[in-house]
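A short worksheet on the structure shown next.
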Amino acid sequence: MAKEITARAEDYSKWYLDIVKKAGLADNSAVRGCMVIKPNGYAIWEKMRDQLDRMFKETGHVNAYFPLFIPKSFLSKEADHVEGFAKECAVVTHHRLMNNPNGSGVVVDPGAKLEEELIVRPTSETIIWNTYRDWIKSYRDLPLLINQWANVVRWELRTRPFLRTTEFLWQEGHTAHATKKEAEEEAHLIHEIYARFAEDYMAMPVIKGAKTANERFAGAEQTYTIEALMQDGKALQAGTSHFLGQNFAKAFDVKFASDNNIEDYVWATSWGVSTRLVGGLIMTHSDDAGLVLPPRLAPMQVVIVPIPKPTPSILEVAQRIESQIKALGISVKIDMDEKKRPGFKFAQYEMEGVPIRLGIGQRDIDKGVIEVARRDERTKSFVSIEGVDRYVKQLLDDIQVNLLYRAMHFRDDRTSFVDTFDEFEKVLEGKGGFIYAHWDGTSESELKIKEKTKATIRCIPCDNPSESGKDLISGKPSNQRVLFAKAY
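Take the sequence shown: its letters are residues 1460 to 1947, numbered as in this note's numbering.
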């Protein structure tokens, strides 16, 4: 199976698409730019969704659901917001079809034109804040901490499964607060949750920072981001948290009465991650043999393969081991398929990224051992059958840590500090990756660098030390370095 995957060094983009297909993660659909998420891919998203959902609820958030369709007039109420999304919106203009008068198929009924067009949800700020106007009257109604799991549509011309599709799945949080301080703290809280999830569960190291004015979410006063580095040296924006100020509250007239009976507009945040994380997971860890998954997000953590087939004596031992491993809270299954040879199964599970494979045959049982293969290092060892459950549990933890440190080492190796534009270009054309360089804080300099190199300021890192220098383009004074990279 590995021979069917294009090598990363040969064609990284094709390598990525090969893994998506061969590991059974997604397929193209009949609708251009949209994907069918297959069971293997959806199971990974479910693991991500469920863990993030727990993290949100642990911090007091609750789930709700808002309509897919948004009246066009709503998007006109916040000027920056509509400008940011206008070119990506899908629009519903009619509500009915009719039989074609010439007898061939159906056509749009011209008499079914909507009085007001509806926008297929690109994001939900407008319809949610229109609703919050009825829900929020007093300081007693605050804070309002709501999240929704949904799909959105942003009309894309160039698409790639998981990374950029016309329709995708995500979560979007929308919160309302009595004070600016509370809203800013909420935006930072979610920013930290996203970073913790990326590193603790995805084993994907990230840089936390704030976006520049040019890169902020449309309608936000500040956008916080986590930026990860993929194996081709490009950055991936993996999650964003936005401090919206009072912009949407003013646009939709959402006010509250304080405990002193003083009326004011509420303060807001919004935040989200999407199925793009699945793409990030693939590109952070996978290799030329297929998908590599961190154990904490692997739908199946351990698979037991009887060799050459599940005879009664082999099955008895396999089932005992399966039961012991399950008792430790680990997902495990025995492959009972007798139509496939063990070698084919080994290749299949390697392709699908199962972290640990246990191979067990009669000769192994006679020796009291079992073969253990770890996916991250593609190595094998023989372990005593007695205590293999505890060994597997520890090995899963070791694999999780190893993947994080391996990704951190790669990121650090592809991180550069430059002081001149010539150095900047050489790094971009060479190893690429993250580049720390000085910026004078102006949009003009930022856009010139983007125009000349296609690299963008990914963020102004949160832990940025003060440092004197000169902007790469203008030569003007700068007091800090920012993070540049080419990006997805």
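Note that the Cβ used here is the ideal one computed from N, Cα and C, for glycine as well.
**Message:** Am I right that V1713 and I1685 are in contact with their C-beta atoms under 8 Å? What's the rounded C-beta distance?
**Reply:** For this step, residue 1713 is matched to residue 254 along the sequence shown. For this step, residue 1685 is matched to residue 226 along the sequence shown. About 29 Å; that fails the 8 Å criterion.
**Asked** From which residue to which residue does the beta strand (DSSP E) around M1430 run?
**Response** Outside the shown range of the chain, which is 1460 to 1947, sits residue 1430, and nothing can be said about it.
**Asked** Between T1728 and S1843, what straight-line distance do the alpha-carbon atoms span, to the nearest angstrom?
**Response** Reading the sequence shown from its first residue, position 269 is the one you call residue 1728. Reading the sequence shown from its first residue, position 384 is the one you call residue 1843. Rounded to whole angstroms, T1728 to S1843 spans 53 Å at the Cα level.
**Asked** Mind checking whether K1531 and I1578 have CB atoms under 8 Å apart?
**Response** Looking up residue 1531 in the sequence shown gives position 72. Looking up residue 1578 in the sequence shown gives position 119. In this structure, I1578 lies closer than 8 Å to K1531 by Cβ.
**Message:** Let me confirm a value: S1733 is counted as buried when at least 16 other C-beta atoms fall within 10 Å, else exposed. Which label applies?
**Reply:** For the purposes of this step, residue 1733 is taken as residue 274 along the sequence shown, with counting starting at 1. Buried is the call here.
**Message:** If I follow the unbroken beta strand (DSSP E) through A1697, where does it start and stop?
**Reply:** In the sequence shown, residue 1697 corresponds to position 238, counting from 1. First-last of the beta strand (DSSP E) with A1697: 1694 to 1704.
**Request:** Indicate whether G1632 and I1595 have their beta-carbon atoms separated by less than 8 Å.
**Result:** As a working note, residue 1632 is residue 173 in the sequence shown. As a working note, residue 1595 is residue 136 in the sequence shown. No, the pair does not count as a contact, with Cβ atoms beyond the cut-off.
**Request:** Going by DSSP, name the residue or residues bridged to H1553.
**Result:** Taking the sequence shown and counting its residues from 1, one reaches residue 1553 at position 94. Beta-bridge pairing links H1553 to K1572.
**Item:** Span separating the alpha-carbon of R1613 from that of T1582
**Value:** On the sequence shown, position 154 is the one that residue 1613 refers to. On the sequence shown, position 123 is the one that residue 1582 refers to. Straight-line Cα distance between these residues: approximately 9 Å.
**Prompt:** Can you name the start and end residues of the beta strand (DSSP E) that L1409 belongs to?
**Reply:** Look at the range of the chain in this structure, 1460 to 1947, and you will see that residue 1409 is not part of it.
**Request:** Taking 8 Å as the cut-off, decide whether the C-beta atoms of W1726 and A1642 are in contact.
**Result:** The residue you call residue 1726 lines up with position 267 of the sequence shown. The residue you call residue 1642 lines up with position 183 of the sequence shown. Yes.
**Asked** From T1912 to G1692, what distance separates their C-alpha atoms?
**Response** As a position in the sequence shown, residue 1912 is number 453, starting the count at 1. As a position in the sequence shown, residue 1692 is number 233, starting the count at 1. The alpha-carbon atoms of T1912 and G1692 are separated by roughly 14 Å.
**Prompt:** beta strand (DSSP E) containing K1839: first to last residue?
**Reply:** Stepping through the sequence shown from its first residue, residue 1839 is reached at position 380. Per DSSP, K1839 belongs to the beta strand (DSSP E) from 1838 to 1843.
**Own chain partners of R1800 with C-beta closer than 8 Å, once the 5 adjacent residues on each side are dropped** = For the purposes of this step, residue 1800 is taken as residue 341 along the sequence shown, with counting starting at 1. Only P1767 meet the Cβ criterion.
**Request:** To the nearest angstrom, report how far apart P1936 and R1755 are at their CA atoms.
**Result:** Position 477 of the sequence shown, counting from 1, holds the residue named residue 1936. Position 296 of the sequence shown, counting from 1, holds the residue named residue 1755. The straight-line gap from Cα to Cα measures roughly 45 Å.
**Asked** Are the CB atoms of E1626 and C1493 nearer to each other than 8 Å?
**Response** Residue 1626 sits at position 167 when you count from the first residue of the sequence shown. Residue 1493 sits at position 34 when you count from the first residue of the sequence shown. Yes. Within cutoff.
**Straight-line Cα distance separating N1589 from F1711** = On the sequence shown, position 252 is the one that residue 1711 refers to. On the sequence shown, position 130 is the one that residue 1589 refers to. Cα-Cα distance, rounded: 6 Å.
**Request:** Counting only the same chain and skipping the five closest in sequence on each side, list residues whose C-beta sits under 6 Å from that of V1551.
**Result:** Against the sequence shown, residue 1551 aligns to sequence position 92. Same-chain partners within the cutoff: L1577.
**Message:** Can you give me the C-alpha to C-alpha distance between L1942 and A1489, rounded to a whole angstrom?
**Reply:** In the sequence shown, residue 1942 corresponds to position 483, counting from 1. In the sequence shown, residue 1489 corresponds to position 30, counting from 1. The straight-line gap from Cα to Cα measures roughly 39 Å.
**Request:** Starting from the Cα of Q1681, find the closest Cα among T1671, Q1783, N1719, A1866 and give me that residue.
**Result:** Translated into the one-based positions of the sequence shown, residue 1681 becomes position 222. Ranking T1671, Q1783, N1719, A1866 by Cα distance to Q1681 puts T1671 first.
**Request:** For R1400, count neighbouring Cβ atoms within 10 angstroms of its own Cβ and tell me buried if that reaches 16, exposed if not.
**Result:** Outside the shown range of the chain, which is 1460 to 1947, sits residue 1400, and nothing can be said about it.
**Message:** Using a Cβ-Cβ cutoff of less than 6 Å, which residues in the same chain neighbour H1744 once the five nearest sequence positions on both sides are dropped?
**Reply:** The residue given as residue 1744 occupies position 285 in the sequence shown. Cβ neighbours of H1744 beyond the five flanking positions: V1751, L1862.
**Message:** Please state whether the Cβ-Cβ distance between A1757 and V1813 is less than 8 Å.
**Reply:** Position 298 of the sequence shown, counting from 1, holds the residue named residue 1757. Position 354 of the sequence shown, counting from 1, holds the residue named residue 1813. Yes.
**Item:** For V1776 and F1702, the rounded distance between their alpha carbons
**Value:** Here residue 1702 corresponds to residue number 243 of the sequence shown, with the count starting at 1. Here residue 1776 corresponds to residue number 317 of the sequence shown, with the count starting at 1. The alpha-carbon atoms of F1702 and V1776 are separated by roughly 56 Å.
**Asked** To which residues of the same chain is E1809 closer than 6 Å at the C-beta, ignoring the five residues directly before and after it?
**Response** Walking along the sequence shown from the start, residue 1809 turns up at place 350. Once the five neighbours on either side are set aside, the close Cβ partners of E1809 are A1748, G1749.
**Request:** Could you pull the start and end residues of the beta strand (DSSP E) that F1883 belongs to?
**Result:** As a first step, residue 1883 is located in the sequence shown; it is residue number 424 there, counting from the start. No beta strand (DSSP E) holds F1883; the alpha helix (DSSP H) holding it covers 1880 to 1888.
**Item:** Inside the segment 1751 to 1803 only - alpha helix (DSSP H) runs reaching at least 4 residues
**Value:** 1771 to 1786
**Item:** H1554 classed as buried or exposed, judged by whether at least 16 other C-beta atoms fall within 10 angstroms
**Value:** Here residue 1554 is taken as the residue at index 95 of the sequence shown, counted from 1. Result: exposed.
**Prompt:** Under three-state DSSP, which class holds Q1690?
**Reply:** Here residue 1690 refers to the residue found at position 231 when the sequence shown is read from its first residue. Coil, per DSSP.
**Asked** Around the C-beta of P1924, are 16 or more other C-beta atoms found within 10 angstroms, so that it is buried, or is it exposed?
**Response** Within the sequence shown, the letter at position 465 stands for residue 1924. It is exposed - the Cβ of P1924 has fewer than 16 other Cβ atoms within 10 Å.
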